[in-house]
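K.L.:
Quick one: structure below, then a few questions.
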Amino acid sequence: MSKPRTSTLRALRALVPFVRVYRVRMVLGLVCVVVSSAIASAIPWILRRAVDDLRASAPPRDLWLLAGAMVAITLVTGLLRFQMRNILNALSRYVEYDLRNAMFRHLVTLDAGYFGRNRTGDLMARLTNDLSAVRMVAGPAIMYLCNTIAGGIFALVFMLRISPRLTAIAVLPMVLLPIVMAVLGALIHRRFEAVQEHFGVMTTHAQENISGARIVRAFRQEAAEERHFASLNDEYLRRNMGLAKLYGLMSPGLQLLAGLGAVAVLGIGGSATLRNEMSVGDFVAFGLYLGMLTWPLIALGWVINLFQRGAASMGRINEVLQARASVVSPTLPATLPPHTGRGRSLEFRDVGYHYPVLDGGTPRWVLRHISFTVPAGATVGIVGATGSGKSALMDLVPRFWNPQEGQILVDGVPIDTLALNALRSTIGYVPQETVLFSDTILSNLTYGGNDDEAARVAAGVAQLDQAIVDLPDGYATMLGERGINLSGGQKQRAAIARALARDPQIVLLDDALSAVDTSTEAAILQGLREELTGRTALIASHRVSSLRDAGWIVVLDDGQIVEQGTHDALVASRGRYWALLRRQQVSDELEAATV
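Its first residue numbered 6, the sequence shown is counted upward by one per residue in this note's numbering.
What follows is the structure, encoded as structure tokens:
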């Protein structure tokens, strides 16, 4: 997902719309910053007056008045700075909240191809680590930058009032400041981008190992995976240490520039005071104002770090927000004809499909010249060896992908002219890889707005109801990640029940019975026979036994149709289907003999 690097300002420009929503809060917070800096800048001026009054033996009453003024200023400044932090830090949390929602809202609109090209761990890093870096820009970085600018301006104004010549000498070394910030800032930006990209790689590796923990243990690869993760972590540490060195250079560099000014003030200002060209109060106040100018400049190094980190992270977040789905609803969608039965016709017209090709590579066709029709209410089986294109064909129907050639039609209407929601609302889909969510079983079965009672009936059809009832909490049982506390067969049956509970007009079963035993398969098929009556069904399987109720069977090999017809006709022709059937019969007989 790596993209050409963008400048700091260009990357942060994408953040402006999210901050603009809270412009009133931003203005109030910045007003607190400016007013608190203005009031705080009066303290050295009051001290100047106090020192000169002491030397002139002023009455104690005058000194007490000055002390009272300083106390009042300190209290007001403290209150304003509390409000400043309260307002701007809260604003940054709101911006983070909105950005997170915007990212998730956009991610769920992207097509399957996007998630095929981008690692899950990297996307998670953008939703977590990068968002935190952007939040620091929207709140603390803006707050301290404005505080630095406002405090610096007020300090300069008072310094110029005391001695324009000494002010020019004090700030002369600081003309190098923009050069230092530009050079180190650019280096920090590039280094932080590299750190965040590697963090995404490391997160992906950790996520894959957690979700694939059983495979890691089954192949005894714990030590190997530990070494791999350690090497990734070492690289992450190395990149962070390089970044830390740059951070370390920033503050000392700024301190050096500020320190040169302080040395000049001490030497030249001290000499002027001894010659009575400057009062002691002026010298003290000038030194304090120089400190007010110096410390914000030192803090500016930290602020620059925040902006560079935030810009790098906002650039990565914006890559997600700017991604566009290749499968979208048409601007003026067509509509399906009125529904007169339980099913709708489905037609493939010379369909060809290959997965997206990157960098001008040669396309590898997964499907080619696919043509067949599923009449409304009919069941058609798709059979073929692993890799023959069955799953790709099934994924084209709900438009997870768009074919590069040909058309797919529902009731005579090309599916690419239909709104995605309208098309997918007619489909009950059971993918080859079962996905269940960390929620109750009932919530999984009613996913997509299914009715509770319909879900329970569908669980019965899928031969899952008794297994659910036997669980301690029944339908209220919480599932682990991806349904880990269910067996493979139970997960597949849950996916079937979830699809049937929608009362779909078109049912897509992609190897949906591969994880169940033959007796359970027979019971499920018996229930499906009644449930699919009148519905249009497309059943893909490498097991011929799963297609016994199909009125028409399409045989795929290497992405092309090599045979199609009824079961009896295909057996009589003694072609690919017959050979596949014979192999499975022999396999079943051998399995039965060993039991």
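Even for Gly, the Cβ is constructed at its ideal location relative to N, Cα and C.
(1) Is the distance from the Cβ of His210 to the Cβ of Thr391 below 8 angstroms?
(2) Determine the direct distance from the alpha carbon of Tyr360 to that of Arg243, and round the result to whole angstroms.
(3) Out of Leu251, Ile387, Arg280, Leu425, which one is the CA nearest neighbour of Ser334?
(4) So Leu17 and Gly315 are in contact, right, with Cβ under 8 angstroms, and what is the actual spacing, rounded?
(5) The beta strand (DSSP E) spanning Asp421 covers which residue range?
(6) If I follow the unbroken beta strand (DSSP E) through Trp406, where does it start and stop?
(7) According to DSSP, which residues form a beta bridge with His610?
(8) DSSP three-state call for Leu537: helix, strand or coil?
(9) Kindly indicate the opening and closing residues of the alpha helix (DSSP H) around Arg601.
(10) Please say whether Phe312 and Ala146 have beta carbons closer to each other than 8 angstroms?
(11) Between the region 476–486 and the region 441–458, can you find at least three pairs of beta-carbon atoms closer than 8 angstroms?
(12) Against chain B, does Ile215 count as a neighbour if the rule is that its beta carbon must be under 8 angstroms from one of theirs?
(13) What residue does the alpha helix (DSSP H) around Thr125 start on, and which one ends it?
(14) Does the beta-carbon of Ser318 have 16 or more other beta-carbons within 10 angstroms, so that it is buried, or is it exposed?
(15) Who are the near neighbours of Arg86 in its chain, counting only those whose CB is closer than 6 angstroms to its CB and skipping five residues on each side?
(16) Is DSSP giving Gln226 helix, strand or coil here?
(17) If you draw a straight line from the C-alpha of Glu486 to the C-alpha of Asn123, how long is it?
(18) Along the alpha helix (DSSP H) that carries Arg571, what are the first and last residues, could you check?
(19) Contact defined as beta carbons within less than 8 angstroms: I believe Thr384 pairs with Asp554. What is the distance between those atoms, to the nearest angstrom?
(20) Check this for me: beta carbons of Ala463 and Ala527, under 8 angstroms apart or not?
(21) Using 8 angstroms as the threshold, is the region 144–161 in touch with the region 349–360, meaning 3 or more CB pairs across them?
(22) Check whether the region 324–339 touches the region 111–119, counting contact only when three or more Cβ pairs, one atom from each stretch, lie closer than 8 angstroms.
(23) Determine the burial state of Pro531: buried for a count of at least 16 other Cβ atoms within 10 Å of its Cβ, exposed for fewer.
(24) Quick check on the burial criterion: 16 or more other C-beta atoms within 10 angstroms. Buried or exposed for Ser7?
(25) So, are the CB atoms of Leu469 and Arg429 less than 8 angstroms apart?
(26) Can you look up Ala249 in the DSSP assignment and give me helix, strand or coil?
(27) Fully enclosed by the region 433–492, which alpha helix (DSSP H) runs are 4 residues long or longer?
(28) Using DSSP with H/G/I as helix, E/B as strand and the rest coil, what is Tyr241?
(29) Could you give the residue range of the alpha helix (DSSP H) that holds Thr82?
(30) So, at 6 angstroms on beta carbons, what are the nonlocal neighbours of Leu192 in its own chain, with the 5 sequence-adjacent residues on each side left out?
(31) Helix, strand or coil: which one does DSSP assign to Pro414?
(32) With respect to the alpha helix (DSSP H) encompassing Ser376, which residues constitute its N-terminal and C-terminal limits?
(33) Roughly how many angstroms separate the alpha carbons of Leu585 and Arg15, rounded to a whole number?
(34) With Ala160 and Val270 assumed to form a contact (beta carbons below 8 angstroms), what rounded beta-carbon distance in angstroms separates them?
(35) Measure the beta-carbon distance from Thr541 to Gly348 and round it to whole angstroms, keeping in mind my assumption that it falls under 8 angstroms.
(36) Could you check the C-alpha separation between Trp583 and Ser550 for me, to the nearest Å?
P.N.:
With the given structure in hand:
(1) no
(2) Arg243 and Tyr360 have their alpha carbons spaced roughly 37 angstroms apart.
(3) Among Leu251, Ile387, Arg280, Leu425, the Cα nearest to that of Ser334 is on Leu425.
(4) 7 angstroms
(5) For Asp421, there is no enclosing beta strand (DSSP E), as DSSP marks it with neither H nor E.
(6) Element bounds for Trp406: n/a, residue is neither H nor E.
(7) In the structure displayed, the chain extends from 6 to 600; residue 610 sits before or after that span and is not available.
(8) Of the three classes helix, strand and coil, the one that applies to Leu537 here is coil, per DSSP.
(9) The chain is shown only over 6 to 600; residue 601 falls outside these bounds and no answer can be derived.
(10) yes
(11) yes
(12) Absent from the structure is chain B; it holds one protein chain and no more.
(13) 125–130
(14) buried
(15) Ser41
(16) coil
(17) 21 angstroms
(18) Before going on, a small fix: residue 571 reads as Thr here, not Arg. No alpha helix (DSSP H) holds Thr571; DSSP gives it neither H nor E.
(19) 6 angstroms
(20) no
(21) no
(22) The region 324–339 vs the region 111–119: in contact.
(23) In the sequence on display, residue 531 carries Gln and not Pro. Exposed, since its Cβ has fewer than 16 Cβ neighbours within 10 Å.
(24) With a pLDDT of only 46 at Ser7, under the threshold of 50, the placement of this residue in the model should not be trusted, and no figure is reported.
(25) no
(26) In the structure shown, Ala249 falls within a helical segment according to DSSP collapsed to helix, strand and coil.
(27) Those alpha helix (DSSP H) runs which fall completely within the region 433–492 and span 4+ residues are 446–450, 457–466, 470–474.
(28) helix
(29) 65–112
(30) For Leu192, where only same-chain residues beyond five positions count, the Cβ hits under 6 angstroms are Leu251.
(31) The identity of residue 414 in the sequence shown is Leu, whereas the question assumes Pro. The answer is strand: DSSP assigns Leu414 an E or B state.
(32) Not the alpha helix (DSSP H): Ser376 falls in the beta strand (DSSP E), residues 370–379.
(33) 59 angstroms
(34) So it is not a contact: roughly 13 angstroms between Cβ atoms.
(35) 4 angstroms
(36) 12 angstroms
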